[in-house]
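So the sequence lines, in the order shown, correspond to chains X, G and A.
Oh and the first sequence: position 244 is 244 in the working numbering, straight run, nothing missing.
To get the working numbering, take the position in the second sequence, counting from 1, and add 276.
To get the working numbering, take the position in the third sequence, counting from 1, and add 486.
The beta-carbon is built from N, C-alpha and C at its ideal position, and this holds for glycine as well.
On a predicted model such as this, the values are computed, not experimentally measured, just so you know.
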Amino acid sequence: MSDDWDNNIADFEMPDPRLSRLDDLDDEERLIVDIEGFEGPLDVLLALSRTQKVDLKQISILELVKQYLEFVTKARALRLELAADYLVMAAWLAYLKSRLLLPEEESEDELSAEELAARLTHQLARLNAMRERAAILMSRNQMGRDVFARGAPEAVIITRYHTYELSMYELLKAYAEHRTREAVADIQIFKRNVYTLDQAIERLSDMLGLALDWTSLEQFLPSGIEDAQLIKSTKASMFSASLELAKMGRAELEQKQQFGPLFIRGRKRDPKEEEN
Amino acid sequence: MNHHEQMRICEALLFASDRPLSSIALAEQLPEGSDAQAILEDLQKKYKDSGVNLVEVAGKWMFQTAADLAFLLRKEEEKERKLSRAAVETLAIIAYHQPVTRAEIEEIRGVGVSKGTIDVLMEAVWVKPVGRRRTPGRPMTYGTTEDFLVQFGLNSVKDLPGISELKAAGFLDNVNTSRLNLLSDEKPDEEQPDLPMDDDESSSEEQVIS
Amino acid sequence: MNHHEQMRICEALLFASDRPLSSIALAEQLPEGSDAQAILEDLQKKYKDSGVNLVEVAGKWMFQTAADLAFLLRKEEEKERKLSRAAVETLAIIAYHQPVTRAEIEEIRGVGVSKGTIDVLMEAVWVKPVGRRRTPGRPMTYGTTEDFLVQFGLNSVKDLPGISELKAAGFLDNVNTSRLNLLSDEKPDEEQPDLPMDDDESSSEEQVIS
Chain X
1 MSDDWDNNIA DFEMPDPRLS RLDDLDDEER LIVDIEGFEG PLDVLLALSR
51 TQKVDLKQIS ILELVKQYLE FVTKARALRL ELAADYLVMA AWLAYLKSRL
101 LLPEEESEDE LSAEELAARL THQLARLNAM RERAAILMSR NQMGRDVFAR
151 GAPEAVIITR YHTYELSMYE LLKAYAEHRT REAVADIQIF KRNVYTLDQA
201 IERLSDMLGL ALDWTSLEQF LPSGIEDAQL IKSTKASMFS ASLELAKMGR
251 AELEQKQQFG PLFIRGRKRD PKEEEN
Chain G
277 MNHHEQMRIC EALLFASDRP LSSIALAEQL PEGSDAQAIL EDLQKKYKDS
327 GVNLVEVAGK WMFQTAADLA FLLRKEEEKE RKLSRAAVET LAIIAYHQPV
377 TRAEIEEIRG VGVSKGTIDV LMEAVWVKPV GRRRTPGRPM TYGTTEDFLV
427 QFGLNSVKDL PGISELKAAG FLDNVNTSRL NLLSDEKPDE EQPDLPMDDD
477 ESSSEEQVIS
Chain A
487 MNHHEQMRIC EALLFASDRP LSSIALAEQL PEGSDAQAIL EDLQKKYKDS
537 GVNLVEVAGK WMFQTAADLA FLLRKEEEKE RKLSRAAVET LAIIAYHQPV
587 TRAEIEEIRG VGVSKGTIDV LMEAVWVKPV GRRRTPGRPM TYGTTEDFLV
637 QFGLNSVKDL PGISELKAAG FLDNVNTSRL NLLSDEKPDE EQPDLPMDDD
687 ESSSEEQVIS
């Protein structure tokens with residue numbers, strides 16, 4: 001392919017006459033600067049290469065680069081926020097151009113400029129070929145458009161492997177929908193009706209001031225609670241509160257037997273402890 | 277247009293039509309002055325000894341399997357059944373999360389799974405019990421079958437598209453955008469190539485607490 | 487059972503179906519030792535000049551209206567799936583390059599495949615996931631379906647128009663998907679588990695006939 005490719009570096013000692021050709025083009029021959037109409041830089045390059053009206057293998061990379069850079073400059077003037085893809089391609093083409101114009105350096109790790117250019121040409125030709133094939137494919141006689149199957153098919157007995165009909169599409173769709181639903185599932189956490197530990201400590205310490213003798217903890221439970229859940233919660237919190245107060249040295253606890261009633265009484269503050 | 281050409285046209289029209297056609301309807305497709313009736317009779321003769329006959333029913337014409345070959349045709353009521361939505365979703369969850377217990381499926385779906393749903397999938401030979409979970413109660417776990425892979429042209433369940441691939445293919449797109457945002461918020465690009473189902477573990481945290 | 491009777495049976499079965507039937511499926515309905523292939527060829531000859539032809543698509547057989555009558559039958563008002571240019575191109579790339587990953591499609595087109603493009607092709611049942619590439623990330627690969635072959639009247643993907651020319655031009659070689667490959671000297675992926683075109687599309691999922 002590189003044989004066909006006609007950008008011999010040696011030819012470019014003098015300004016390439018072809019480079020000036022673009023300036024002579026009529027306006028209508030030039031690519032209209034319309035980014036929206038294109039699907040990315042490769043698409044633009046392909047369209048530009050077509051304006052050279054030659055076999056894609058024969059395109060002049062230098063002219064192509066020139067046209068592309070001009071296109072991008074104009075497009076940028078119109079729309080500052082030109083997509084990064086276009087600018088990356090522009091930068092790369094500018095680099096390619098410079099390498100094509102400069103004398104070739106011997107380098108082992110880098111591809112030669114010709115190889116890079118050939119690669120770009122190949123990519124453009126491949127895209128072009130796929131487009132042509134796509135058009136050919138779509139112009140074939142299509143089932144349901146040009147040719148038709150039996151309009152009123154009759155069911156046939158053929159050994160069936162499956163009784164149920166389900167396509168991959170339906171399966172994936174179902175899972176995706178499930179995932180989507182799940183992602184937004186409203187999580188409702190109901191506020192539980194609880195008697196908090198803070199409430200219990202506050203109530204217990206207030207009441208301990210009044211009862212200095214042993215008193216069953218049960219007696220301190222707030223009255224008038226109907227909700228079974230809340231009663232449980234109150235008991236648990238009051239028990240924890242009693243332990244907490246005992247730990248703080250503000251109450252004493254006593255239990256005569258296992259599972260027996262728990263007695264509590266307030267403890268006078270020991271002045272010595274306070275000092276510590 | 278000669279007679280043979282006209283016969284071909286009628287033949288094609290009758291073949292492709294999803295209902296019987298009248299000779300008047302056929303005549304409209306033929307050059308003026310054509311004798312549709314004669315053409316139809318010639319066609320009928322042509323197919324007389326074939327596996328398919330051209331018959332006239334209620335003044336209209338249609339192709340029909342020859343009566344003596346009716347045994348080849350399936351009865352209507354054996355028509356393929358469509359899977360229910362719940363079944364499709366359950367199948368998808370089993371495929372992605374296998375081995376999975378019924379309770380886990382219910383947890384993932386957030387709805388109960390009736391026994392019939394799994395039965396239908398087992399009847400279709402897409403799902404089978406694959407073992408028991410070593411947890412209290414030793415619940416049965418389900419997985420997909422060889423037939424499942426065959427049905428969907430997969431080499432292995434690992435070939436099912438992962439979440440990011442579903443997203444990329446546009447499957448997670450069509451629902452509504454606010455939902456999509458929520459979904460993509462959790463983790464932008466979780467690539468879970470090997471086990472597409474693994475990125476689902478978080479679902480257990482979404483249990484309703486009451 | 488004589489040859490004529492066997493022909494009638496195949497004729498009836500094929501005529502009754504709107505999907506292609508394999509010669510194996512047909513042979514199952516014939517007496518043992520019948521030469522289904524020979525019967526099918528005779529049937530094809532019988533219908534050669536009719537308005538309906540017996541064609542071989544997707545490696546199977548079906549009756550369809552004669553291609554030269556398309557002008558008469560073409561249904562334009564039908565909600566013909568209007569595919570976007572991107573979708574058409576993507577379809578062609580998948581067809582010619584299969585199995586192909588999304589990244590490879592993007593590389594060939596030089597632009598990202600927007601969400602929904604592959605989705606649309608999968609919804610039309612022309613494209614399906616066919617497996618995973620054995621490369622890092624195990625990307626999903628796509629291929630075409632039997633429906634695709636039927637739609638475009640192809641016997642197999644090997645019959646895609648101009649495939650040998652494309653191959654000769656090197657257009658179907660491995661696609662280097664490393665970003666900005668133009669700059670890098672990376673060799674294309676060595677690993678290409680399934681040879682693009684030698685895969686015969688014969689997944690057994692397609693044996694279901696309705």
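Legend entry - Inter-residue spacing [alpha-carbon to alpha-carbon] between G:Q313 and X:A135: Within the second sequence, the letter at position 37 stands for residue 313 of chain G. Within the first sequence, the letter at position 135 stands for residue 135 of chain X. Taking the straight line joining both Cα atoms gives about 42 Å.
Inset, instruction - Could you check which residue in A:A511, A:A513 and A:W612 has the C-alpha nearest to that of A:L569? - result: On the third sequence, position 83 is the one that residue 569 of chain A refers to. When each option's Cα is compared against that of A:L569, the closest is A:W612.
Inset, instruction - Return the residues of the stretch 611 to 644 of chain A that lie within a Cβ-Cβ distance of less than 8 Å from chain G, sorted by chain order. - result: K614, P615, V616, G617, R618, G623, R624, P625 and M626
Legend entry - Buried/exposed call for A:N539, threshold 16 Cβ in 10 Å: Position 53 of the third sequence holds residue 539 of chain A. The residue in question, A:N539, is buried, as its Cβ has 16 or more Cβ neighbours within 10 Å.
Inset, instruction - Just grab the DSSP bridge partners of A:N539 for me. - result: Translated into the one-based positions of the third sequence, residue 539 of chain A becomes position 53. Partner(s): A:Q550.
Inset, instruction - For X:R267, write down the residues that DSSP places opposite it in a beta bridge. - result: Numbered from its first residue, the first sequence carries residue 267 of chain X at position 267. In DSSP, X:R267 forms no bridge with anything.
Legend entry - Cβ neighbour criterion (16 or more within 10 Å) applied to X:M143: Taking the first residue of the first sequence as 1, we reach residue 143 of chain X at position 143. Buried, because 16 or more other Cβ atoms sit within 10 Å of the Cβ of X:M143.
Inset, instruction - Flag this pair as yes or no: are the beta carbons of X:E244 and X:W214 separated by less than 8 Å? - result: Taking the first residue of the first sequence as position 1, residue 244 of chain X is located at position 244. Taking the first residue of the first sequence as position 1, residue 214 of chain X is located at position 214. No, Cβ-Cβ distance for X:E244 and X:W214 is not below 8 Å.
Legend entry - Helix, strand or coil at A:F501 [DSSP, three-state]: As a first step, residue 501 of chain A is located in the third sequence; it is residue number 15 there, counting from the start. DSSP places A:F501 in helix when its eight states are reduced to three.
Legend entry - Under 8 Å between C-beta atoms of A:G639 and X:V147: Residue 639 of chain A sits at position 153 when you count from the first residue of the third sequence. Residue 147 of chain X sits at position 147 when you count from the first residue of the first sequence. Against a cut-off of 8 Å, the Cβ pair of X:V147 and A:G639 comes out as a contact.
Inset, instruction - Consider the Cβ of A:E497: report whether some Cβ of chain X lies at a distance smaller than 8 Å. - result: Counting from one through the third sequence, the residue named residue 497 of chain A turns up at place 11. A:E497 does not count as touching chain X.
Legend entry - Proximal residues, the stretch 518 to 538 of chain A versus chain X, C-beta separation under 7 Å: none
Legend entry - For A:T627: DSSP bridge partner residues: By 1-based counting over the third sequence, the position of residue 627 of chain A is 141. Answer is A:T587 and A:G617, bridged to A:T627.
Legend entry - Rounded distance between the beta-carbons of A:V597 and X:G40, thought under 8 Å: Numbered from 1 along the first sequence, position 40 holds the residue referred to as residue 40 of chain X. Numbered from 1 along the third sequence, position 111 holds the residue referred to as residue 597 of chain A. Indeed, because the Cβ distance is near 3 Å, the residues count as touching under 8 Å.
Inset, instruction - Return no unless some Cβ of chain X is closer than 8 Å to the Cβ of G:V387. - result: Along the second sequence, one-based indexing puts residue 387 of chain G at 111. So no, G:V387 is outside the interface.
Inset, instruction - Kindly indicate if chain X contains any beta-carbon less than 8 Å away from that of G:R378. - result: Within the second sequence, the letter at position 102 stands for residue 378 of chain G. Not closer than 8 Å to any Cβ of chain X, the Cβ of G:R378 fails to qualify, so no.
Inset, instruction - Would you please state the rounded distance, in angstroms, between the beta carbons of X:L101 and X:A117? I believe it to be under 8 Å. - result: As a first step, residue 101 of chain X is located in the first sequence; it is residue number 101 there, counting from the start. As a first step, residue 117 of chain X is located in the first sequence; it is residue number 117 there, counting from the start. Wrong, their Cβ atoms sit about 12 Å apart, outside the cutoff.
Legend entry - Within chain G, the residues that A:T551 reaches when beta carbons sit closer than 9 Å: Along the third sequence, one-based indexing puts residue 551 of chain A at 65. Neighbours of A:T551 on chain G, chain order: E287, A288, L289, F291 and A292.
Inset, instruction - Would you check if there are 3 or more beta carbon pairs closer than 8 Å linking the stretch 60 to 76 of chain X to the stretch 86 to 101 of chain X? - result: yes
Inset, instruction - Check the Cβ-Cβ distances between A:M493 and every residue of chain X, and say whether any is below 8 Å. - result: Walking along the third sequence from the start, residue 493 of chain A turns up at place 7. No, its Cβ sits nowhere closer than 8 Å to a Cβ of chain X.
Legend entry - Segment contact, 8 Å Cβ cut-off, at least three pairs: the stretch 431 to 439 of chain G with the stretch 377 to 394 of chain G: no
Legend entry - The beta strand (DSSP E) enclosing A:A610, as first and last residue numbers: As a position in the third sequence, residue 610 of chain A is number 124, starting the count at 1. No beta strand (DSSP E) contains A:A610, which DSSP labels as neither H nor E.
Legend entry - A:E497, buried or exposed, once every other Cβ within 10 Å from all chains shown has been counted against 16: Along the third sequence, one-based indexing puts residue 497 of chain A at 11. Buried, since its Cβ has 16 or more Cβ neighbours within 10 Å.
Inset, instruction - Give the residues from the stretch 46 to 60 of chain X that approach chain A closer than 9 Å (Cβ to any Cβ), ordered along the chain. - result: L46
Inset, instruction - For the beta strand (DSSP E) containing A:L640, list its first residue and its last residue. - result: On the third sequence, residue 640 of chain A is found 154 positions in, with the first residue counted as 1. That residue, A:L640, is in no beta strand (DSSP E); it is neither H nor E in DSSP.
Legend entry - Pairwise C-alpha distance: G:T417 and G:E399: Position 123 of the second sequence holds residue 399 of chain G. Position 141 of the second sequence holds residue 417 of chain G. Their backbone Cα atoms lie some 16 Å apart in a straight line.
Inset, instruction - Could you list which residues in chain G have their beta carbon closer than 7 Å to that of A:D605, in chain order? - result: Numbered from 1 along the third sequence, position 119 holds the residue referred to as residue 605 of chain A. Under the 7 Å cutoff, chain G gives A445, G446 and F447.
Inset, instruction - Since I believe A:G537 is in contact with G:R284 (beta carbons under 8 Å), could you give me their beta-carbon distance rounded to a whole number of angstroms? - result: Your numbering for residue 284 of chain G matches position 8 in the second sequence. Your numbering for residue 537 of chain A matches position 51 in the third sequence. Going by Cβ atoms, the distance from G:R284 to A:G537 rounds to 4 Å, so yes, they are a contact pair.
Inset, instruction - Measure the C-alpha to C-alpha separation of X:A176 and A:E542 and round it to an integer number of angstroms. - result: Residue mapping note: residue 176 of chain X aligns to position 176 of the first sequence, counting from 1. Residue mapping note: residue 542 of chain A aligns to position 56 of the third sequence, counting from 1. Approximately 36 Å between the Cα atoms of the pair.
Inset, instruction - Would you kindly work out how many angstroms separate the C-alpha atoms of G:Y372 and A:I510, rounded to a whole number? - result: Counting from one through the second sequence, the residue named residue 372 of chain G turns up at place 96. Counting from one through the third sequence, the residue named residue 510 of chain A turns up at place 24. Whole-angstrom Cα-Cα distance: 34 Å.
Inset, instruction - State yes or no: is the C-beta of G:I370 within less than 8 Å of the C-beta of G:G419? - result: By 1-based counting over the second sequence, the position of residue 370 of chain G is 94. By 1-based counting over the second sequence, the position of residue 419 of chain G is 143. Contact: yes.
Inset, instruction - Answer yes or no: do X:Q52 and X:E63 have a C-beta to C-beta separation smaller than 8 Å? - result: Mapped onto the first sequence, residue 52 of chain X falls at position 52. Mapped onto the first sequence, residue 63 of chain X falls at position 63. It is a contact, given that the beta carbons lie within the stated cut-off.
Legend entry - 8 Å CB neighbourhood of X:N141 in its chain, flanking five on each side removed: Residue numbering aside, residue 141 of chain X sits at position 141 when the first sequence is read from its first letter. Excluding residues within five positions, the ones whose Cβ falls inside 8 Å are V147.
Inset, instruction - For A:D605, count neighbouring C-beta atoms within 10 Å of its own C-beta (all shown protein chains included) and say buried if the count is 16 or more, exposed if not. - result: Counting from 1 along the third sequence, the entry for residue 605 of chain A is found at position 119. Buried, because 16 or more other Cβ atoms sit within 10 Å of the Cβ of A:D605.
Legend entry - CA-to-CA distance, A:F634 to G:D318, given in whole angstroms: Stepping through the second sequence from its first residue, residue 318 of chain G is reached at position 42. Stepping through the third sequence from its first residue, residue 634 of chain A is reached at position 148. Roughly 36 Å separates the two Cα atoms.
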